[in-house]
Each structure stands twice: as structure tokens, then as C-alpha cells.
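Trainee: Every letter in the sequence shown is one number past the one before it in the UniProt record's numbering, and letter 704, counting from 1, is 704. Ideal Cβ positions, reconstructed from N, Cα and C, are used throughout, including at glycine. This structure is a prediction, so every number in the text was calculated from the model and none was measured.
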Amino acid sequence: MMTLAPARSAPVSDDSRGAPAAMGTRKSGFYRHDLDGLRGIAIALVAVFHVWFGRVSGGVDVFLALSGFFFGGKLLRTALTPGASLSAVPEVVRLVRRLLPALVVVLAAAAVLTILIQPETRWETFADQSLASLGYYQNWELASTAANYLRAGEAVSPLQHIWSMSVQGQFYIAFLALIFGFACLCRKVFGRHLRTAFVVLLSTLTVASFVYAIIAHNIDQATAYYNSFARAWELLLGALVGAVVPLVRWPMWLRTLAATIALAAILSCGAFIDGVKEFPGPWALVPVGATMLFIVSAANLMTGTGSDDRSPLPNRMLATKPFVSLGSMAYSLYLWHWPLLIFWLSYTGHSHTTFVEGTVVLLVSGVLAWLTTHYVEEPLRLQKSAKPAVPAQVIPLRTRLKRPTIVLGSVVALLGVALTATSFTWREHVTVQRANGKELAGLSARDYPGARALLNHERVPKLPMRPTVLEAKDDLPASTLDGCISDFSNADVITCTYGDKDATRTIALAGGSHAEHWITALDLLGRLHNFKVVTYLKMGCPLTTEEVPLVMGDNRPYPKCHQWNDEVMSRLIADRPAYVFTTSTRPWNIKPGDVMPGTYIGIWETLSKNNIPVLAMRDTPWLVRDGQPFFPADCLAKGGDAVSCGVKRSEVLSDRNPTLDFVGQFPLLKPLDMSNAVCRKDYCRVVEGNVLLYHDSHHISTTYMRTMTGELGRQMAAATGWW
């Protein structure tokens with residue numbers, strides 16, 4: 001996870017680029033070569049931690065802080081200069097020319113690789129995120145994905161890293177409007193105290209954003225991670241330092257100590273802090289604060305009063321050519337390294353890279369980044385030079401290539417248009433394909449026996465599988481479509497009624513989405529046997545007494561689940577249904593098979609004390625490979641079949657239903673087990689009776705659930721005696 005390159009505080013001429021790197025002089029004005037070097041350190045940390053360690057390094061936060069410092073500082077200097085133009089148009093044009101060309105090139109390359117390497121089931125996600133990346137709202141697209149239990153598998157994509165670019169793009173526009181707007185309104189009011197007014201304004205906004213980040217982090221860290229308002233303080237703090245840094249004066253020994261501590265904190269951050277779980281909360285202060293400390297450690301350079309030999313050693317080290325060169329192509333290197341990593345893992349089927357594979361990914365990323373920087377970014381970013389006084393043939397080739405050309409700009413523009421048109425076209429195609437999913441409820445029982453082929457050995461004709469790999473994603477239970485399940489951020493109890501809504505007998509369907517996917521069969525049975533089904537559902541949240549529940553799959557804290565459980569148990573006791581239908585097992589996280597968690601026992605005790613019987617359904621298998629969930633639809637789209645895309649039964653189900661061990665202790669516990677309707681004796685295939693079992697990696701498709709209705713009805717009749 002990374003970010004776009006910080007805005008340059010001042011252009012650098014071709015001549016100055018050929019000279020030894022300097023940290024800041026009267027000639028170079030406000031330019032800080034040591035911060036270019038820091039940017040090089042940050043991109044190295046981000047890429048290395050992504051490729052070899054699968055962790056967040058804190059480099060993203062360094063970039064966010066630097067972006068706020070450079071871009072914010074530049075705007076503040078303009079706003080504080082009497083008579084300076086406050087037109088936003090030139091700034092926006094510069095941003096577009098600097099940021100979009102490289103992004104479009106990488107997105108276009110990623111689109112081609114997506115078609116060549118990834119299954120068509122993943123093309124829609126790429127199209128959505130491609131449009132989000134071009135529109136600079138990718139962070140909100142990912143926040144929506146993180147908050148949606150049914151879209152969890154979409155999060156890790158070739159374009160996931162562009163979330164931070166979107167945050168910065170939004171900040172640039174908002175900050176531009178804020179600073180220039182405030183300056184236009186208040187220049188005359190505050191006069192020479194305008195800088196102080198800006199400091200107060202930025203301080204207030206920074207504190208407000210930081211407080212919001214802590215609150216959002218505690219409520220739902222996964223979505224807060226991508227939230228622009230929760231990340232704004234990192235950029236605002238950089239801008240605030242940009243406003244006050246010319247006033248800072250430090251003795252050399254203190255500046256050297258500060259620079260050393262700051263650099264050490266940045267280098268070690270990823271090893272000691274799990275940023276995926278801790279950011280953008282208080283721990284993000286480590287990389288952001290260290291960046292600010294590094295900036296002010298050479299504050300004298302911002303005014304042109306310092307010299308190289310009077311600057312702290314860490315700053316001089318990062319101002320050397322290797323670090324500056326790496327920093328100059330940080331933006332392109334960031335753009336390339338993540339998609340290349342994801343495509344390689346997708347192609348090989350591995351969950352992580354070896355040392356050699358990671359090295360190759362980094363080398364290829366570096367080469368592509370260098371080419372993109374020098375032959376796409378720079379020619380379209382730099383202003384067109386005046387007509388030379390010497391013949392073109394004696395001008396260095398690289399200098400001529402750097403000049404913007406109509407051809408290069410046109411190619412990039414056409415790529416952007418083609419990418420946008422292709423994304424919209426594929427989304428429309430998928431929409432049309434899924435419209436056929438309305439037929440799924442009326443499939444012929446003879447042609448599509450589904451579970452009946454397993455249970456009753458019914459004949460299976462040779463027909464195309466339904467739902468298809470493109471239909472599967474939307475083959476969802478009615479309760480999801482009706483909004484009858486609380487999402488991650490909602491602790492309220494939502495109830496809806498299905499089955500025979502006028503019946504006097506009630507079954508309460510309670511728990512998470514693995515309880516929810518039974519609603520399709522329960523609704524049919526309720527209408528047939530005169531009982532109503534009232535839902536009490538929350539995404540990823542089974543009935544449990546666990547004090548600190550975790551989200552299944554990524555093990556992040558889920559406090560809303562605990563709150564919801566307290567409320568729902570009170571509601572169930574008050575409503576007194578004839579039965580509570582819920583899941584009674586979960587997959588083991590540490591070994592094959594399934595288990596009844598100890599935190600379920602308190603639920604059985606509470607319901608038993610209130611004389612409410614429980615229809616305890618054994619959970620259906622979760623499909624996992626190499627410790628990660630996998631999607632049968634993806635596997636089938638890649639050319640797999642019902643067997644190769646399935647799992648051994650022994651890996652996902654124990655020999656004996658764990659619930660049976662507790663029946664003696666809780667007589668009102670009525671175990672139900674539909675394992676034989678989804679798995680064969682030794683193997684769990686992903687297609688049975690011409691019907692795809694899963695609409696994602698672990699939820700039963702609505703179409704297959706319909707075919708399980710008969711067997712579920714038989715087991716419920718034995719447990720309840722109602723029919």
C-alpha cells in the first residue's frame with residue numbers, strides 16, 4: 001500500500017540535475033534533495049515489505065506527510081505572497097499533467113495482464129477499481145468492499161494500492177480550494193498576520209481529523225484505513241509544518257540527533273507496528289511524526305541559509321545521488337510494483353513470493369519505473385522549452401525526449417479513453433449476463449437436481465452449470481437483497497419476516513451470514529408447513545458470548561458483534577420464538593475439520609434457561625487453500641472442474657458432528673446436519689447436479705440451497721414434530 005509522489009516544491013533544471021545533488025541553497029530556493037532521498041527510502045520500504053513480508057512498512061504514511069508538506073507548503077507560500085495570483089486552474093493543470101499519464105499507462109498494462117492472467121470473474125472488480133482509480137475515489141471503493149462481507153475477496157486486487165493516491169488527489173483539490181479561498185477572503189482582514197491565521201486553521205483541522213481517525217479506527221478499522229477524513233491529518237500535519245518550518249532554528253547537535261532518531265523510526269516502523277491493523281490510529285504518529293522531525297531537522301535549508309557541510313549527516317546521506325535518483329522515480333515504482341506482484345502470485349497460484357521471485361518482481365518494477373519516469377512522466381510534466389538557438393541534432397537525445405509531444409499526449413489520452421470505455425462495456429456485459437439469473441428460481445428440477453443428485457442419486461443430464469461463473473456473485477438470499485442483515489458498522493437488530501407471515505408458529509433465524517443462507521429453504525418450508533421465519537442477522541457475527549469477537553478470515557476485532565449479540569439475545573428472549581435456528585459449528589483455524597466453539601455454550605445456556613429450543617445447524621464447509629479463502633467460480637473460470645476446484649471432506653469437516661457432544665448437556669439442542677447434501681463421502685465438489693454450490697468462497701448459492709429444501713424439511717420435521 002503506497003502513495004503518489006509528493007508535489008515538487010520547485011522545478012529543477014536539466015543543468016542542475018546533472019550537477020551533484022544538493023540539499024538546498026539560495027540557488028535552488030526551497031528545494032530539499034534530502035526529502036527526495038527520504039522518498040527513495042520510503043518507496044524501498046514499501047516495495048520490500050509488500051513483496052517479501054506481506055506487511056505495511058509505514059512508507060505510505062511518509063509519503064502522505066511529504067505530500068502535505070510539499071504541496072501544502074507551495075500553496076501557502078503562494079497565498080502568503082502579496083499580489084500573487086490565486087487562480088486554481090494552473091495548479092490543477094499541473095497536477096493532471098504530473099499524475100495522470102503514468103497512472104493511465106500502468107492501468108492500461110494492468111488491464112491487458114488482467115485479461116491474460118486472471119479469470120473473467122475478476123474482470124468486473126478490475127473494471128470497477130480501474131474507473132475508481134481514474135476518478136480518484138479508489139479509497140472509497142475499497143472502503144465499501146471492506147465493509148461488505150460478501151465482497152471481502154475483492155480487496156486484494158492489482159489496483160488496491162491506488163487508494164492512497166486517491167486520498168492525496170482528494171486532498172490536493174480540497175486543500176487548494178481551502179487555502180486559496182481563505183486567502184482571497186482574509187488577506188485584507190488579517191494582513192501581516194495571515195500566516196498566524198493559517199497556522200490556527202491548519203492546527204484545528206489537523207486535530208479534528210486526528211480525533212476522527214481514532215474514533216473511526218475504534219469503530220471499524222478496516223474501513224477507516226481507506227477513509228480520506230481519517231487520513232487527512234497526516235497530510236495536514238505536513239502542510240502545518242510547511243507553514244512554520246521557516247521559523248525553526250535548531251543547534252547542529254540537536255538537528256543531528258533529531259534526524260537520526262527520525263530516520264531510525266521510519267526504517268524500523270514496519271517491523272514493530274502492524275500497520276494493516278493499527279493505522280490510521282495513533283500508531284500512525286510514528287512514521288508521520290518521524291517524517292516531520294526529519295523535515296525540521298534541516299529547517300535552515302528551507303530559507304537558503306545553510307550549506308551542505310552544515311547539515312546533519314542523515315540529511316546529507318539522503319541527499320546523495322543514489323537516494324535522490326530512487327526518490328525521483330518513486331511514483332512510477334509505486335505504480336508498477338504492486339500489480340506486478342499480484343499478477344505473479346495469480347499466475348503461479350502462490351500465496352507469497354520466494355526470495356528469487358521477489359527479486360525479479362522488484363527488478364522488473366524498477367526497469368518499468370525508470371522507463372515510465374523518463375519517457376512518460378517527465379516529457380508530459382515539464383514545460384515545453386523555448387525554441388533552441390542551436391540545431392536540434394546537437395541537443396542531447398534525452399533532452400529532446402523530455403519535451404512534451406502531441407503524439408505522446410495523444411497516446412496517453414487514447415489509452416485513458418479506451419480503458420474507460422472498456423471498463424464500462426464489460427460492466428454492462430456482466431449486468432446483462434446476471435439479468436439471466438432471474439431464471440434460476442425456475443430451473444427444471446429434472447435438469448438441475450443439485451443436492452438431490454447426492455441424496456437421492458437422481459440422474460444428472462449433461463447441461464451447462466447454473467448459476468454460471470458470472471451469475472454466481474449475485475445468486476444471493478432474499479434477506480441480503482431486502483437489506484435484512486446488519487452490516488459491519490451497524491449494531492442494531494434488524495428483523496424481517498418470511499415464510500407464512502400469518503402463521504402463529506415462529507422460527508427465529510439468528511446469527512451471521514452462514515445462518516442467513518438457509519433463509520431460502522426455510523422460506524419455502526414455512527410457506528409449505530405454515531410457520532413464519534423472523535430473521536435476526538448480522539454479517540460475520542454468529543451467536544456468541546465472546547467478549548472480543550474477531551472477523552472470520554482476517555481476525556480483526558469486531559466490537560459491534562459483541563454489542564449486537566447482547567441486544568439480539570434480549571430480543572430473542574422477549575420475542576420467545578418456538579425455535580431459534582442458528583449455526584452450531586465453525587471451521588478450525590489451526591487444523592482440519594470443524595468445531596463447536598466454547599463461546600457458543602453460553603448461548604445454549606441462556607436459551608435453555610428461557611425454555612427456547614434450538615435448531616442447531618452444522619456449518620457448511622469454508623473453502624480454503626494455503627490458509628487463504630478461494631472462490632470456486634474463479635477456479636472454474638480458469639479451466640478447473642468440480643473436483644479440482646473442491647476440497648477433501650476431511651479438511652473441512654470432522655468425522656463426527658461436534659454438536660452431538662453437547663446434546664446430553666442441553667436437551668433442547670436439536671442438531672441438524674446437511675453435510676451429506678454438500679459433500680460426498682470423501683470429497684466436497686463445487687458442482688453437484690449441474691448446480692454451483694457456492695456464490696463466493698464459503699456461502700451456499702441460493703440456487704443450490706433450493707435443492708436442499710427437501711432434506712432440510714425432513715430433518716426439521718424429525719426435530720420439531722410439526723409435520
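Strictly by DSSP, which residues pair up with residue 498?
Mentor: Sequence index remark: in the sequence shown, residue 498 carries index 498 (1-based). According to DSSP, which records beta bridges pairwise, residue 498 is partnered with 533.
Trainee: Could you pull out every unbroken alpha helix (DSSP H) segment of at least 4 residues lying fully inside the segment 453 to 510, listed in chain order?
Mentor: 478 to 481
Trainee: So the candidates are 273, 158, 335, 348; which of them puts its Cα closest to the Cα of residue 366?
Mentor: For the purposes of this step, residue 366 is taken as residue 366 along the sequence shown, with counting starting at 1. Nearest C-alpha to residue 366: 335.
Trainee: Please go through the segment 655 to 702 and give each complete alpha helix (DSSP H) segment of 4 or more residues, from N-terminal end onward.
Mentor: none
Trainee: Classify residue 581 as helix, strand or coil using the three-state DSSP reduction.
Mentor: In the sequence shown, counting from the first residue as 1, residue 581 sits at position 581. Residue 581 falls in the strand class under three-state DSSP.
Trainee: If you compare alpha carbons, which of 519, 513, 43, 526 is closest to residue 503?
Mentor: If you number the sequence shown from 1, residue 503 lands on position 503. Among 519, 513, 43, 526, the Cα nearest to that of residue 503 belongs to 526.
Trainee: In chain order, what residues of the same chain have a beta carbon less than 8 Å from the beta carbon of residue 519, not counting five sequence neighbours either side?
Mentor: By one-based count along the sequence shown, residue 519 stands at place 519. The residues are 477, 478, 479, 498, 509, 533, 535.
Trainee: Please state whether the Cβ-Cβ distance between residue 69 and residue 57 is less than 8 Å.
Mentor: Within the sequence shown, residue 69 is the residue found at index 69, counting from 1. Within the sequence shown, residue 57 is the residue found at index 57, counting from 1. Not closer than 8 Å, so no.
Trainee: So which of 606, 685, 596 has the shortest CA-CA distance to residue 668?
Mentor: Numbered from its first residue, the sequence shown carries residue 668 at position 668. Selected option, being the one with the closest Cα: 606.
Trainee: Give the straight-line distance between the Cα atoms of residue 719 and residue 145, rounded to the nearest whole angstrom.
Mentor: Within the sequence shown, the letter at position 719 stands for residue 719. Within the sequence shown, the letter at position 145 stands for residue 145. Residue 719 and residue 145: Cα-Cα distance of roughly 39 Å.
Trainee: Going by C-alpha to C-alpha distance, which of 652, 672, 650 sits closest to residue 660?
Mentor: Locating residue 660 in the sequence shown gives position 660, where the first residue counts as 1. The shortest Cα separation from residue 660 among 652, 672, 650 belongs to 672.
Trainee: Let me know if residue 646 comes out buried or exposed under the rule of 16 or more other beta-carbons within 10 Å of its beta-carbon.
Mentor: Sequence index remark: in the sequence shown, residue 646 carries index 646 (1-based). Result: buried.
Trainee: Run the proximity test for residue 650: is its beta-carbon closer than 7 Å to any non-hydrogen atom belonging to the ligand GDP?
Mentor: Absence of the ligand GDP is noted for the structure shown, with no ligands found whatsoever.
Trainee: If the criterion is Cβ atoms closer than 8 Å, does the pair residue 568 and residue 614 meet it?
Mentor: Here residue 568 is taken as the residue at index 568 of the sequence shown, counted from 1. Here residue 614 is taken as the residue at index 614 of the sequence shown, counted from 1. No; because the gap between Cβ atoms is not below 8 Å, this pair is not in contact.
Trainee: Residues in the same chain with beta-carbon distance under 6 Å from residue 142, minus the five sequence neighbours each way, listed in chain order, please.
Mentor: For the purposes of this step, residue 142 is identified with residue 142 of the sequence shown, where counting begins at 1. Answer for residue 142: 163, 226, listed in chain order.
Trainee: Closest by CA to residue 31, which one among 242, 85, 224?
Mentor: By 1-based counting over the sequence shown, the position of residue 31 is 31. Closest option to residue 31, Cα to Cα, is 242.
Trainee: Going by the CB atoms, is the gap between residue 706 and residue 679 shorter than 8 Å?
Mentor: Here residue 679 is taken as the residue at index 679 of the sequence shown, counted from 1. Here residue 706 is taken as the residue at index 706 of the sequence shown, counted from 1. No, these two residues do not count as a Cβ contact at 8 Å.
Trainee: Under 8 Å: do the segment 246 to 265 and the segment 178 to 194 share three or more Cβ pairs, one atom per stretch?
Mentor: Result no; under three Cβ-Cβ pairs closer than 8 Å.
Trainee: So, using beta-carbon positions, are residue 35 and residue 66 closer together than 8 Å?
Mentor: To locate residue 35, count along the sequence shown from 1; it is residue 35. To locate residue 66, count along the sequence shown from 1; it is residue 66. A contact, by the Cβ cut-off of 8 Å.
Trainee: When you compare each of 670, 696, 52, 40 to residue 352 by their alpha carbons, which one comes out closest?
Mentor: Here residue 352 corresponds to residue number 352 of the sequence shown, with the count starting at 1. Residue 52 holds the alpha-carbon nearest to the alpha-carbon of residue 352 among 670, 696, 52, 40.
Trainee: My output table needs one value for residue 39: the three-state DSSP class, helix, strand or coil.
Mentor: Here residue 39 refers to the residue found at position 39 of the sequence shown. In the three-state reduction of the DSSP assignment, residue 39 falls in the helix class, which pools H, G and I.
Trainee: Under the three-state reduction of DSSP, which class applies to residue 550: helix, strand or coil?
Mentor: Translated into the one-based positions of the sequence shown, residue 550 becomes position 550. Residue 550 falls in the strand class under three-state DSSP.
Trainee: Taking 8 Å as the cut-off, decide whether the C-beta atoms of residue 288 and residue 237 are in contact.
Mentor: Residue mapping note: residue 288 aligns to position 288 of the sequence shown, counting from 1. Residue mapping note: residue 237 aligns to position 237 of the sequence shown, counting from 1. Against a cut-off of 8 Å, the Cβ pair of residue 237 and residue 288 comes out as a contact.
Trainee: Would the segment 274 to 284 count as touching the segment 227 to 234 if we require 3 or more Cβ pairs under 8 Å?
Mentor: yes
Trainee: How long is the line joining the alpha carbons of residue 262 and residue 291, rounded to whole angstroms?
Mentor: On the sequence shown, position 262 is the one that residue 262 refers to. On the sequence shown, position 291 is the one that residue 291 refers to. Whole-angstrom Cα-Cα distance: 7 Å.
Trainee: Tell me which residues share the same chain as residue 412 and place their Cβ nearer than 6 Å to its Cβ, disregarding the 5 neighbours each side in the sequence.
Mentor: On the sequence shown, residue 412 is found 412 positions in, with the first residue counted as 1. So the list reads 101, 104, once near-sequence residues are dropped.
Trainee: Taking contact to mean at least 3 C-beta pairs separated by less than 8 Å, is the segment 682 to 694 in contact with the segment 444 to 464?
Mentor: For the pair of segments examined, the segment 682 to 694 was found to touch the segment 444 to 464: the number of CB pairs separated by less than 8 Å reaches three.
Trainee: Closest to residue 172 by C-alpha separation, out of 321, 75, 369, 206, would be which residue?
Mentor: Locating residue 172 in the sequence shown gives position 172, where the first residue counts as 1. Of the candidates 321, 75, 369, 206, the one whose C-alpha sits nearest the C-alpha of residue 172 is 75.
Trainee: Just the C-alpha distance for residue 425 and residue 419, rounded to the nearest angstrom, thanks.
Mentor: Position 425 of the sequence shown, counted from the start, is the residue given in the question as residue 425. Position 419 of the sequence shown, counted from the start, is the residue given in the question as residue 419. So the two alpha carbons sit approximately 10 Å from each other.
Trainee: Would you decide whether residue 724 is buried or exposed? Buried here means 16 or more other CB atoms lie within 10 Å of its CB.
Mentor: Absent from the model: residue 724. The displayed extent of the chain is 1 to 723, so no value can be given.
Trainee: Using the rule of at least 16 other Cβ atoms within 10 Å of the residue's Cβ for burial, across every protein chain shown, is residue 43 buried or exposed?
Mentor: In the sequence shown, residue 43 corresponds to position 43, counting from 1. The residue in question, residue 43, is buried, as its Cβ has 16 or more Cβ neighbours within 10 Å.
Trainee: How many whole angstroms separate the CB atoms of residue 616 and residue 670, which I take to be in contact at a CB cut-off of 8 Å?
Mentor: Locating residue 616 in the sequence shown gives position 616, counting from the first residue. Locating residue 670 in the sequence shown gives position 670, counting from the first residue. Right, the Cβ-Cβ distance comes to about 6 Å (below 8 Å), so this counts as a contact.
Trainee: What is the rounded straight-line gap between the Cα of residue 318 and the Cα of residue 170?
Mentor: Along the sequence shown, read from residue 1 onward, the residue named residue 318 stands at position 318. Along the sequence shown, read from residue 1 onward, the residue named residue 170 stands at position 170. Residue 318 and residue 170: Cα-Cα distance of roughly 29 Å.
Trainee: In angstroms with no decimal places, state the Cα-to-Cα distance between residue 600 and residue 546.
Mentor: Locating residue 600 in the sequence shown gives position 600, where the first residue counts as 1. Locating residue 546 in the sequence shown gives position 546, where the first residue counts as 1. The straight-line gap from Cα to Cα measures roughly 8 Å.
Trainee: Specify the secondary structure class of residue 168 as computed by DSSP and reduced to three states.
Mentor: Within the sequence shown, numbered from 1, the residue matching residue 168 stands at position 168. Correct three-state label for residue 168: helix.
Trainee: Report all residues from its chain with a CB closer than 6 Å to the CB of residue 338; omit the five preceding and five following residues, and keep chain order.
Mentor: To locate residue 338, count along the sequence shown from 1; it is residue 338. Contacts found: 161.
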